[in-house]
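So my numbering is basically just the index in the sequence shown, starting at one, shifted up by 69. Read the structure below first, then the notes.
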Amino acid sequence: MIREYSDNATAALFVMHSDNSQFSGRGLRNANSLPINTFIYNKGGEQKVTIDEISYTMPSRCILPLVSNQHFVFEQPDVLTAWQFNREFYCIVDHDAEVGCVGFLFYGIRHPMFIVLNETAVEEMSHLENVFSNEMMVKDNFQGEMLRTLLKRVIINTTRIAKLQSESYQLFPDEKMDIVRKFALLLECNFKEEHEVRFYAAALNKSPKTLSNVFALLKQSAPSVLIRNRIILEAKRYLHYTEKSAKEIAYELGFESPAHFSRFSRCTPEQIFLSLRTFDHYCV
Numbered sequence: 070m071i072r073e074y075s076d077n078a079t080a081a082l083f084v085m086h087s088d089n090s091q092f093s094g095r096g097l098r099n100a101n102s103l104p105i106n107t108f109i110y111n112k113g114g115e116q117k118v119t120i121d122e123i124s125y126t127m128p129s130r131c132i133l134p135l136v137s138n139q140h141f142v143f144e145q146p147d148v149l150t151a152w153q154f155n156r157e158f159y160c161i162v163d164h165d166a167e168v169g170c171v172g173f174l175f176y177g178i179r180h181p182m183f184i185v186l187n188e189t190a191v192e193e194m195s196h197l198e199n200v201f202s203n204e205m206m207v208k209d210n211f212q213g214e215m216l217r218t219l220l221k222r223v224i225i226n227t228t229r230i231a232k233l234q235s236e237s238y239q240l241f242p243d244e245k246m247d248i249v250r251k252f253a254l255l256l257e258c259n260f261k262e263e264h265e266v267r268f269y270a271a272a273l274n275k276s277p278k279t280l281s282n283v284f285a286l287l288k289q290s291a292p293s294v295l296i297r298n299r300i301i302l303e304a305k306r307y308l309h310y311t312e313k314s315a316k317e318i319a320y321e322l323g324f325e326s327p328a329h330f331s332r333f334s335r336c337t338p339e340q341i342f343l344s345l346r347t348f349d350h351y352c353v
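In structure tokens, the structure reads:
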């Protein structure tokens, strides 16, 4: 079952999927897809999910947040409940709030993030699912605001649980870990144009060396590695899900030619094509 709320005046879109056997994410295969975030709640048993050609095991009774442009397919989509929304519905990308669509769940330190719910959280989620279902049937001037309020409740509850399950957030204060999240958001918004650490360091009011030291302290990969890996991941998505040529992909990612891209990524075009079979093997 698919229920949708939309507002033509603001272009806001909110979609709820319940027991939808066709539920999946087409990512770059759908050129007309809107930038949209997704919350997926697995009410059934453990099952397989494939995200950008990598297979994972999704535990029972857990939540999985996903961002736009990700291609995903579930083994048993008919036991899932999913909420999808664009930034016009819930937030604007420039509004950097922890409980917004640019928060910890979507731009944190680990992806994909499988957030396992305890018994109390499961009861809460079941209740919210029913409230969402009922509200999707209401057609009045308050519907959009009510759905946003319910979505914010889901985000806050899930963020609390996820931080308790994150070792890094238990070891380091939130303000330190927030640097990683803000870097991830900046990277997602700028990786096609900005390929150097100094751009991201300046945006975070730090020197490149200081930023790298912070990431090392927090036991994260170096910013330069994260930048390169994000660009390579997008290249693989284009190669796998579109008909773009190597030249078109290089230009799309901010490079003058495939040769420039190869030098930056330390990959030959052949290596990128071969790595499509596993998708998780980055070049070094």
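Backbone N, C-alpha and C define an ideal beta-carbon position, used for all residues, glycine too.
Within this structure, are the beta carbons of residue i and residue j separated by less than 8 Å?
i: Tyr-386; j: Met-194; result: No statement about residue 386 is possible, as the shown extent of the chain runs from 70 to 353 and does not include it.
i: Gln-139; j: Gln-116; result: no
i: Phe-174; j: Ile-248; result: The sequence shown places Leu at residue 174, rather than the Phe named in the question. No, the Cβ-Cβ distance between Leu-174 and Ile-248 is not below 8 Å.
i: Met-215; j: Glu-198; result: no
i: Ala-80; j: Gly-213; result: no
i: Ile-132; j: Phe-108; result: yes
i: Leu-287; j: Phe-241; result: yes
i: Phe-141; j: Ile-105; result: no
i: Ile-296; j: Phe-330; result: no
i: Ser-93; j: Phe-143; result: yes
At a cut-off of 7 Å, is residue i close to the ligand NAD when judged by its beta-carbon and the heavy atoms of the ligand?
i: Arg-130; result: This structure does not include the ligand NAD; it has no bound ligands of any sort.
Can you list, in chain order, the residues of its chain with a C-beta nearer than 6 Å to that of residue i? Leave out the 5 residues immediately preceding and following it.
i: Ala-272; result: Leu-255
i: Phe-324; result: Phe-330
i: Asn-226; result: none
i: Glu-157; result: Thr-79, Ala-80, Ala-81
i: Leu-313; result: What sits at residue 313 in the sequence shown is Lys, not Leu. Result list for Lys-313: Tyr-307, in chain order.
i: Ile-318; result: Ala-304, Tyr-307
To which residues of the same chain is residue i closer than 8 Å at the C-beta, ignoring the five residues directly before and after it?
i: Tyr-125; result: Lys-117, Val-118, Thr-119, Pro-181, Phe-183
i: Phe-201; result: Met-85, Trp-152, Leu-216, Leu-219
i: Ser-290; result: Phe-284, Asn-298
i: Asp-163; result: With a pLDDT of 46 at Asp-163, under the threshold of 50, the predicted position of this residue should be treated as unreliable, though the coordinate-derived value follows. Excluding sequence neighbours, Asp-163 sits near nothing in its chain.
i: Ser-90; result: Pro-146, Asp-147
i: Ser-276; result: Ala-270
Name, in chain order, the residues that DSSP records as bridge partners for residue i.
i: Cys-131; result: Asn-111, Val-185
i: Leu-273; result: Note: Leu-273 sits in no beta bridge, so no partner.
i: Ala-81; result: Asp-76
i: Thr-279; result: In the DSSP output, where bridge partners are listed per residue, Thr-279 has none listed.
i: Val-118; result: Tyr-125, Phe-143
i: Ile-87; result: The amino acid occupying residue 87 in the given sequence is Ser; Ile does not appear at that position. BP columns for Ser-87 point to Thr-150.
i: Gly-323; result: Per DSSP, none; premise fails for Gly-323.
i: Ile-71; result: His-86
i: Asn-106; result: Phe-154
i: Tyr-93; result: First, the residue type needs correcting, since residue 93 is Ser and not Tyr in the sequence shown. Paired residues: Val-142.
To which residues of the same chain is residue i closer than 7 Å at the C-beta, ignoring the five residues directly before and after it?
i: Gly-113; result: Ser-129, Gln-145, Val-148
i: Tyr-176; result: Arg-250, Ala-253, Leu-254, Glu-257
i: Pro-292; result: Phe-252, Val-266, Tyr-269, Leu-280, Ser-281, Phe-284
i: Tyr-74; result: Phe-83, Met-205, Gln-212, Gly-213, Leu-216
i: Thr-322; result: In the sequence as presented, Thr is not what sits at residue 322; that position holds Leu. Cβ neighbours of Leu-322 beyond the five flanking positions: Lys-261, Ile-300, Glu-303, Ala-304, Phe-330.
i: Asp-76; result: Gly-213
Task: Segment contact flag, the segment 229–236 with the segment 183–192, C-beta cutoff 8 Å, min 3 pairs - done: yes
Task: Cβ pair count under 8 Å reaching 3, the segment 301–316 against the segment 123–137 - done: no
Open item on the list: Just to confirm the assignment: which complete alpha helix (DSSP H) runs, minimum length 4, are found wholly within the segment 170–252?
Closed with: 173–176, 188–205, 212–233, 236–240
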